[in-house]
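Going by our numbering, the sequence shown opens with residue 939, and the numbers climb by one from there.
Cβ coordinates follow ideal geometry from the N, Cα and C atoms, glycine included.
Each remark here refers to the structure printed beneath this line.
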Amino acid sequence: MNNHQYGNQGESLAKDYIEKQGFTVIEQNFRYGRYGEIDIIGIKDSLLVFFEVKTRHTSSYGNPSYAITHKKKNALRAVATYFLLQNPQYNNKNYTLRFDCITILGQTIEWIQDIIR
């Protein structure tokens, strides 16, 4: 399995995990031009979460969350802003926005909340 396939498998596992936590997935791989994409966008009650998924075979390069750099966080903000412009029903005071990370290291799933403050 190549890295792209492994990443897709990780996103599928993350989606299942998020749904088991009570979220409804409203978008996957939402892209905004050169800024990149948000892996999963989920909603639960009045909480709208932009999920970044990081998958690794081993911890040789550290925890998968270490791959979320300052540059990546800026890109996530830009894509989320674009999503809200395209989906005004979520762009109001009725929703709390949050950026979370789902890491998958081997068979272990970890949910890190509020990665961008």
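Distance CB(residue i)-CB(residue j) smaller than 8 Å
i	j	result
Arg994	Leu1043	yes
Cys1056	Glu990	Here the chain comprises residues numbered 939 to 1055, so residue 1056 is not present and cannot be evaluated.
Residues that residue i bridges to, as DSSP identifies them
i	result
Glu949	In DSSP, Glu949 forms no bridge with anything.
Asp977	Partner(s): none; Asp977 has no beta bridge.
Val1017	According to DSSP, which records beta bridges pairwise, Val1017 is partnered with nothing at all.
Glu965	Ile979
Where residue i sits in the DSSP three-state scheme
i	result
Phe1037	strand
Thr1007	coil
Gln1051	coil
Residue-chain proximity (residue i, chain C), Cβ-Cβ < 8 Å
i	result
Phe961	This model lacks chain C altogether; it includes just one protein chain.
**Asked** Is there contact between the region 947-963 and the region 979-995, where contact requires at least three CB pairs shorter than 8 Å?
**Response** yes
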